[in-house]
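Below: the structure, in structure tokens.
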Amino acid sequence: MIPTPRLSHRVGRPPVLLLALLCTVATGARAEVPIQRSFLRLPSANGHGAVMLDVEQRKVTHFREHLFATEEPVIDAAGNDVFANGHPQVIHSRDLLFDAFFGLRSGGTQRWLSTQEADRDASGYAAWAPEKTGGTGVASLVQRVGTLEATTFVFAPQGLPHASFVMALRVRNTGTAPVAGVSAFSLHNFHLGFGRPGVMADVEENGETVELNGNDFVEKGFAGVLVARPLGTVARRSAWLSNATGSQNAYNVVNGGGGQDLQDFTAQPSVGTGWATAYQFNLGDLPAGAERWVGVAFAHHGNPEAAATVRQWLTDYAGTSSAQALVDAEVAHWAAFQTDTVKAPAGLSADEESLLRHSAVVLHMAQVRSRDVFLREFLSRDGEPRRTRFKAPDGTTATLPGMVRHAGYGAVLASLPPGQWTYAWIRDGAYAVAGMATLGMRSEARDALSYYLNADSGRFQHWRELEPYSMPPYIITLTRYHGFGVEETDFNEAGPNIEFDGFGLFLWALRHYERTTGDTTLVDETWPTVSTKVGDALVALIDPVTGLIRPDSSIWETHWNGRQRSWTYTSLTAARGLCDAAELAQRVGDTERAARYRQAGESLRRAMAEKLTDGNFALASNLEELRVGRGYWDAAVFDAFAFELFDPAGKIAQATYRGLDLRLSSPAGAGWQRNDDRYDHPGGSDMSPWGSEYDSAEWVIVSLRGAVAKRMGGDVARADRVLKWVTDQSLMNYLAIAETYDETTAAYKYNTPMAGFGAGAYVLALEHRAAGVSDPACGAYFDESTLTKQPDAGTPDSGTQEPDAGPQTPDAGTPPDAGAGGDVGGGGGGCNATGPGAVALWLVVAVAGLAVALRRRRA
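The sequence shown begins at 0 in numbering that gives the first Met the number 0 and counts up by one.
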């Protein structure tokens, strides 16, 4: 049975305090704004596909054929990538579902539950054990119709390794009297026609065919075949086209109220536009305290003629099980995962344990588990040829239509839907791998690391953008991967993103995995590739002039064509990664590389200390902005201390913390904005004119890494406040860790739920608090006594508070809306001298800076 969860998380908050004009006096002088529930779409995934329950719309609104957003690049007959208007063409995965939901008849009246209000506090993820919260991939929606409590459960079954999902309905009589004549309905509207418009957009519904095979509805079209199998005794089976009217249209029958039964579908299969199907289950009289269950299981295959195969999948998975049995079995699967695999750090509060365990679920669900896939001979419509670079599962040349074996197995995506970042970034993946290893998810972490070494990468070595670098052979992507395991980057008007931080992050994650799990075999088996195509490649990217890693697009993906910079984040990840690679080289007996990697890591660190710190020893975002003398604040540099390149309590750290606290503390929350690019241009020459709301939002990844750095630096109060803030926000928002919070309202913004940048980073922050283990890069912190600088006047760099004319949304696409909600709770503290509301402070600082400058000029 499903365990009874703890009551929904509610935290009372005091009123918001006024922001002090000079908040530098005490950065904790302001409480966070009240937490609101602003994320209402709950995903579930099984590594093959993903489904999403929308609590706001009260129905299932998304079911994708693959976990990832894109399959592979479009290629021509010669096997070359196809470009159009300077952009590479890609093959998008498809969302196959328009919507699906239940209906209920009681008291002589019927209605679709999509029209009934949801109990948002009671909804969420099913508990993995009694008195626990979440920790499963089973999403639930609770609604009430009179004394009947209707709970919809939706999940991608872990025991059905294909694109599939189950939706089940539990109807419970919570009253003291029986309810007579109860019936349940299910409606399922799939789109299987032409098109690949993007994985969060609907494909067409043309050319669909529906037929009944026993009680199974079999719907097929250009996009494959979808089988629906009812779970429970079916009274009626209905199917209709979108233009059907009257009793032929099951949606209208239920939506019209009354007690009319659905009309059975008896027609022969025929092609039409906009087929939808429905089941009616008659539950009879429901005594007080009793409950009844019904449901439907769905599975998809890309071959329109594979109905028999899909029906066998469903038989193997469900057999004769009831809806309740399948839900209970899914919860039991997750309970075994929590008890047998997940290792929680010591000292967790109940809320922290809930979020940590659910973070393990998110990491598990975000990992690709498919290897073989059916591809049609046509791409998005009949007659449009499809080509692939992959071979058949037996290693022979693939002939389409047919099965191919891709290289995507093991990839961890940056987010789950509805987040748009359902791609495998190495950067997000590194934090995810480290989190997995820390949680005890050894096999998952190993599969992820192996993925990076087996993917089709090194594809951009000879691009003209990299010609000045004499780019060496490499294996870690310079940006991200398509779902089939093919290296990819995105373009805008400034060209491609080309990022070198992934090399160092992979090496750090690899050693973290080995140290945490004790598994040395992965490095032993792959060292020739790791050393030549990751470690050696990274050393070759050190600029002999600056001693830093050559300019790239780095963590914030600024693209190329003059936007590349000598980013501190790229150099700090390289230094940490090379120090870790030196340890691995030493262990495997590669003493020459051990010495070379250690020397390179230490030299990078010294170059950072000498060339990337300002006159107060604060680390800047990049060399180019530091040379300009303003606009160089970037919270990504927290990792220089979280990765223990520098003493987290030393002068570089303390100067950096002061600057970041002053300029980037979020106005609404306990964390930090990612950088100052939105506000660092007073009208003159600007090194980063592309700044936008994406920059000024409060970023969870830098906040969690900042919490680690702050704790090591002695600011335990700020570290605890950040952790509590992220925990409270996530508990209020169905255990989903966001990419960003709005800097003024703290509502969830842009992409959720995040895997590496959310779940992984949260796990690492809690583990660090519990263990407190120190692991300085290359065995010791940088010796800051050897570093001297000419002191400056200590005046903050100048900047305005008005956004520039640049884009206000991420260049990779328009983010999902933040949702809406009014539930309130949670809190901590912070301070900001960058965002709206800090103009007065900046005026004071600017006047002081002007006075200093005039005195210098007169001198």
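Heads up, the beta-carbon is just placed ideally off N, CA and C, and yes, glycines get one too. Keep in mind the model is a prediction, meaning the values are calculated, not measured.
Let me know the secondary structure DSSP gives residue i once reduced to three states.
| i | result |
| --- | --- |
| PRO688 | coil |
| HIS65 | coil |
| MET51 | strand |
| LYS58 | strand |
| ILE1 | coil |
| SER530 | helix |
| ILE541 | strand |
| GLY223 | strand |
| ASN491 | strand |
| PHE389 | coil |
| GLY561 | coil |
| LYS748 | strand |
| TYR408 | coil |
| ARG93 | coil |
| TYR780 | coil |
Could you tell me which residues DSSP pairs with residue i in its beta bridges?
| i | result |
| --- | --- |
| PHE373 | MET402 |
| ARG228 | ALA296 |
| GLN672 | GLU697 |
| LEU211 | PHE216 |
| TRP566 | ASN621 |
| THR739 | TRP698 and LYS748 |
| ASP80 | ILE74 |
Where residue i and residue j are concerned, what is the direct C-alpha to C-alpha distance, given to the nearest angstrom?
| i | j | result |
| --- | --- | --- |
| TYR473 | ALA454 | 11 Å |
| LEU96 | ALA200 | 10 Å |
| PHE101 | ALA696 | 38 Å |
| ILE1 | GLY501 | 42 Å |
| ARG40 | TYR733 | 9 Å |
| ASP422 | GLY288 | Residue identity differs from the one stated: residue 422 is Tyr in this sequence, not Asp. When rounded, the distance between both Cα atoms is 46 Å. |
| GLU738 | ALA179 | 48 Å |
| GLY546 | TYR568 | 14 Å |
| GLY46 | VAL165 | 15 Å |
| ASP489 | HIS558 | 9 Å |
| GLY294 | SER163 | 14 Å |
| SER92 | THR60 | 16 Å |
| LYS650 | THR69 | 46 Å |
| VAL403 | ALA391 | 4 Å |
| LEU509 | ARG169 | 45 Å |
| ARG626 | LEU661 | 21 Å |
| GLY683 | ALA654 | With a pLDDT of 49 at GLY683, under the threshold of 50, the modelled position of that residue is not reliable, and no figure is offered here. |
| ALA410 | LEU477 | 15 Å |
| ARG586 | VAL725 | 38 Å |
| VAL188 | ASP98 | Before going further, note that residue 188 is Asn rather than Val in the sequence given. For ASN188 and ASP98, the distance between alpha carbons rounds to 5 Å. |
| GLU71 | TRP420 | 16 Å |
| GLY821 | MET731 | Legend: pLDDT at GLY821 = 36, less than 50; position of this residue unreliable, value from coordinates given subsequently. So the alpha carbons of these two residues sit roughly 11 Å apart. |
| THR515 | GLY439 | 8 Å |
| GLU464 | SER552 | 12 Å |
| ASP263 | ARG310 | 21 Å |
With a threshold of 6 Å on Cβ separation, who are the neighbours of residue i within its own chain once the five nearest residues in sequence on each side are excluded?
| i | result |
| --- | --- |
| LEU159 | TYR316 |
| VAL721 | ALA669, GLY670, SER702 and ALA706 |
| ARG549 | TYR468, LEU540 and ASP542 |
| ALA580 | LEU506, GLY534 and TYR596 |
| VAL81 | VAL73, ASP75 and GLN88 |
| LEU849 | Residue confidence is low: LEU849 scores 38 on pLDDT, short of 50, so the model does not pin down where it sits. Its coordinate-derived value is still stated next. There are no such residues. |
| TYR860 | Nothing about residue 860 can be read from this structure; the chain reaches only from 0 to 858. |
| GLN337 | TRP127, GLY134 and ARG356 |
| ALA444 | VAL432, MET435, ALA436 and TYR512 |
Among the residues of its own chain, which have a CB less than 8 Å from the CB of residue i, if the five just before and after it don't count?
| i | result |
| --- | --- |
| GLU874 | This structure cannot speak to residue 874, because the chain is shown only from 0 to 858. |
| PHE184 | PHE101, GLY102, LEU103, ARG104, GLN109, TRP111, ALA249, VAL253, LEU261, ALA277, TYR278, GLN279 and PHE280 |
| PHE377 | PHE221, GLU383, PRO384 and ARG385 |
| THR208 | GLU218, LYS219, GLY220, PRO268, SER269, VAL270, GLY271 and TRP274 |
| LEU452 | ILE474, THR525, THR528 and VAL529 |
Who are the Cβ neighbours of residue i in its own chain at under 7 Å, not counting the five residues just before and after it?
| i | result |
| --- | --- |
| GLY759 | LEU362, TYR430, ALA431, ALA433 and GLY434 |
| THR308 | HIS300 |
| ALA117 | VAL54, ARG57, LEU140, VAL141 and GLN142 |
Following a CB-centred definition, is residue i positioned closer than 7 Å to any heavy atom of the ligand GTP?
| i | result |
| --- | --- |
| LEU661 | Among the components modelled here there is no ligand, and therefore nothing to report on the ligand GTP. |
Check your understanding: Of all the beta strand (DSSP E) runs that stay within the bounds of the stretch 271-308, which reach a length of 3 or more residues?
Key -> 275-285 and 290-300
Check your understanding: What beta strand (DSSP E) runs, 3 residues minimum, are completely inside the stretch 417-455?
Key -> none
Check your understanding: Going along the chain, which unbroken runs of the alpha helix (DSSP H) with 4 or more residues stay wholly within the stretch 597-683?
Key -> 622-627, 638-641 and 650-663
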